[in-house]
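In our numbering, the protein residues as written are 1168 to 1342.
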């Protein structure tokens, strides 16, 4: 029978209470915002269809509705007039809208043609850098970012499309 050493090697020793508390405090401090229920900060940067640079950080102080859509998606195109009307009615209260097209770059001309009907900015998603948002796996889908730049609603998918009542329920309290 082998004898156990009286003390374990340094790399196998049990941490002291102070070390355990320090480690726990460090883990708490380093925990992600999302893991602790705080909404993550969102960053969207890129070029709009008109060539202007866009950065969501410049819109702090406004509520931002980000809509992911595509020209080949009938439900996407169907909800855009409702989003346009809602934007026109609430932009003076601090609402901003950004439409991010999920189309391929080869379809940019089609996207530009459709975007002529809207007064809010439009960009090609592939030409933007997104942070703080999950993967987009269906469309149309929207995200809402509050006045502090924090994500309030993500993966907002409505089979019948967004309408004024649905937009009011989420956005109006933030305005």
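From the three backbone atoms N, C-alpha and C, an ideal C-beta is built for every residue, glycine too.
Check                                                                                                               : Outcome
As assigned by DSSP and simplified to three states, the class of residue 1190                                       : Low confidence applies here, because residue 1190 scores a pLDDT of 48, under 50, leaving its location unreliable; read the following figure in that light. Correct three-state label for residue 1190: helix.
Buried/exposed call for residue 1304, threshold 16 Cβ in 10 Å                                                       : exposed
Residue environment, residue 1239, which counts as buried when at least 16 other CB atoms sit within 10 Å           : exposed
Contact belief for residue 1249 with residue 1330 at Cβ below 8 Å, rounded distance in angstroms                    : 5 Å
Outcome for residue 1325 when other beta-carbon atoms lying within 10 angstroms are tallied against a minimum of 16 : exposed
is_contact[residue 1263, chain C] using C-beta, thresh 7 Å                                                          : Annotation note: the requested chain C is absent from the structure, which comprises a single protein chain.
Any 3 or more C-beta pairs closer than 8 Å across the region 1275 to 1291 and the region 1304 to 1315               : no
Rounded distance between the beta-carbons of residue 1211 and residue 1262, thought under 8 Å                       : Going by Cβ atoms, the distance from residue 1262 to residue 1211 rounds to 16 Å, so no, they are not a contact pair.
C-alpha gap between residue 1254 and residue 1233, whole angstroms                                                  : 12 Å
Residue 1306 versus 1221, 1268, 1225, residue with shortest Cα-Cα distance                                          : 1268
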